[in-house]
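Numbers -24 to -1, 1 to 608, taken from mature numbering (1 follows the signal peptide of the UniProt record, and there is no 0), label the letters of the sequence shown in order.
Ideal Cβ placement from N, Cα and C applies to all residues, glycine included.
Structure, as structure tokens:
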Amino acid sequence: MPLSSVPRAAILPLLLATAFCAKADPLPPSLDQPYPGTVRMKIDASDTARNIFRIQQTIPAKPGKLTLLYPQWVTAQHGPTGALHQLAGLKVSANGKPVAWKRDPLNVFAFQVDVPKDAQAVDVEYQHLSPTESGQGRIAVTPDILGIQWQSMTMYPAGYHTRRIPIQTTLTLPAGWQYGTALETAQRAGDEIQFKTTDLETFIDSPLFAGRHFKRFDLDPGAKVPVRLNIVADTAEALDAKPEQIELHRALVKQAYKLFNSQHYTHYDFLFALSEEFGGVGREHHQSSENGVKSNYFTEWSKTEAVRTLLPHEFTHSWNGKFRRPKGQDVPNFNTPLENSLLWVYEGQTQYWGQVLAARSGLVKASSVRDIIAATAATYANVQGRTWRPVVDTTYDPIISQRRPQVWPNWQRSEDYYSEGALIWLGVDTLIRELSGDKRSLDDFARAFFGVDNGVNVAKHYTFDDVVKALHGVQPYDWAAFLKKKVEETGPAPLDGLARAGWKLVYTDTQTEFLKSVEEQSKTANFQFSLGFSVASDGKITGIVWDGLGFQAGLSGNTTLLAVNGRAYKAEALRAAVTAAAKDRKPIELLVKRGNDYRTVPLAYYGGLKYPRLERIEGTPDRLEAILQAIK
């Protein structure tokens, strides 16, 4: 039958089958040997009016097939979150002539180029289109601040370990702006900065913050190994840190050194943004960290205690997560999948030490850290997803959901290896103390495990067995069984560490001052432990506990609470209604709106307000006080 006479409906499946039979070209194996040549890159970051970064690269290459990779897996993000969707305008040339490129049909982060016979390098040009509004992603450029995560702006040749690819970068900033980064500067001419040549892995792991308003503080004056606090802000006033505030940050450095008894960087740079526009961030790097909070961090010090665990957490990561890394994250490049199953050590223990160091340094009061632990314990005691999903499985959540919003987070669970992991390590710490008669603690593990090879800043990878062996060296015990039960089994939240610490979780009808301030900062009223949900300042119902009271009453997402017992919703009105119901035993009536539907929801709840706090267990040693005390 002639093709022209074949029915169109019969041709279409054949055409589709042909179109989707494309085969991926296999990536060349990564060689652990020096790349022949240095990648040269220029980035123009001066267009803060449109948030456009313009990039030019010269990549040494031999004639023949060349695969260029755009980073997909970035260690600090724990998943395949490379910002490929923000790359545009890709052009390739050699010897001044255009060269065609082709995206791999199955591996979309790989680009194929045929290098001409007479060429020794290819020139690559493209733009990174940074988000201009929050719906597109985290805002990293404002009229006064910019943050550069180099992986979003870098392409690199496949076939070599990234730590063996040299790269030299030149950056153009907006006029007069200052910057902070762990990269070392070769020279600055006007607004053009040339950085010293380094390897691609170190380069990617050394982000940069720059701003119109900038101030740098030395957090370890006179030390051979500098630690710097580089601050950018919306206004010059936001940089006005009082000397006693900076002293607390210096105390953080001192307490970290006393804990870990080592340094694994040639210098360390906190990159710290204080802004209402720049997106909040907390991201670890080996010799630096990205940190972003609101602009009142210093100027309204009494209101910002809740966010002052951020810098201790990220600083801890230089030891845990960057120097000591899980073996499954020992990968040759940024396009090899990461294995996340030990994130409950990587992030969970860091979460624990971040809180401990916040208290030991004085950045956060010990009583406030107790409140953080109480809120964490209460949260996980009410996470219904624990009945089906163990905490180790949440380590894959950065890959599964990539931090997208969930429909029923209390049931689905998210990245619980952070905070539930902190409870597990509290349990380990208190058990070591109990078994040793309070002669040893997790501090000893920190020195033995993270304090090895002082001065070395090359990653040292570990396995589960390595962790168990180090714990056993501190205090003999069946740590493998203990940890596996905590992370691999479902069931009750790991609250046993509280009792060994000399405290228990209780609920009262009044909030602690610290948790009240956290609620005010978040602009959310927490009724999770009474009504089974929270309410945002605009009345939106959030955080619904799976099979809790609100759930059983039919409440769901996309629901707004309009009125309580016939009066317009305010947090105070709902609190008063809950208190009154405990006395008069009358159901609380909620008027809610979901989509275009309005309905009244009666809640037969008479248990009163419930807020978590820790209460001392009489006659027991207060190990939590010992844990949170500064090391002398």
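A Cβ-Cβ separation of about 6 Å places residue 474 in contact with residue 353 under the 8 Å criterion.
Residue 210 is positioned such that its CB atom lies closer than 8 Å to that of residue 251. Scanning its chain for C-beta atoms nearer than 6 Å, with the 5 sequence neighbours on each side dropped, one finds around residue 515 the residues 536, 537, 545, in chain order. The C-alpha of residue 599 lies about 40 Å from the C-alpha of residue 549. Looking only at 71, 117, 109, 415, the smallest Cα-Cα distance to residue 27 is reached by 117. In the three-state reduction of the DSSP assignment, residue 529 falls in the coil class. Annotation: residue 579 to residue 564 spans about 5 Å, alpha carbon to alpha carbon. In this structure, the alpha-carbon of residue 92 lies about 10 Å from that of residue 37. Sorting 2, 11, 55 by C-alpha distance to the C-alpha of residue 313 places 55 at the top. Where residue 100 is concerned, there is no enclosing alpha helix (DSSP H), although the beta strand (DSSP E) around it starts and stops at 97 to 105. For residue 169 and residue 358, the gap between their C-alpha atoms comes out near 52 Å. DSSP links residue 164 through a beta bridge to 169. When the beta-carbon positions are compared, residue 438 and residue 320 stay at least 8 Å from each other.
One thing to note: residue 547 has its Cβ no nearer than 8 Å to the Cβ of residue 477.
Nearest in C-alpha terms to residue 558, of all of 46, 582, 139, is 582.
Contact between residue 128 and residue 157 fails: their C-beta atoms lie close to 15 Å from each other, not under 8 Å. Ranking 518, 540, 542, 543 by CA distance to the CA of residue 533 puts 518 first. If you look at residue 222, you'll find it isn't in any beta strand (DSSP E); it sits in the alpha helix (DSSP H) that goes 219 to 236.
Per DSSP, the beta-bridge partners of residue 540 are 543, 566. In the DSSP assignment, the residues bridged to residue 266 are 247, 259. Cβ neighbours of residue 347 within its own chain (closer than 6 Å, five residues either side excluded): 488, 490, 491. Secondary structure note for residue 437: its beta strand (DSSP E) is the uninterrupted segment 436 to 438. Taking a 10 Å sphere around the C-beta of residue 7, we find fewer than 16 other C-beta atoms and assign the residue as exposed. Only residues of its own chain outside the window of five on either side were considered, and among them 27, 116, 117 have a CB closer than 6 Å to the CB of residue 106, listed in chain order.
The way I'd put it, the stretch 363 to 381 doesn't touch the stretch 261 to 278; fewer than three beta-carbon pairs between them come closer than 8 Å. The DSSP-derived three-state label of residue 473 is helix.
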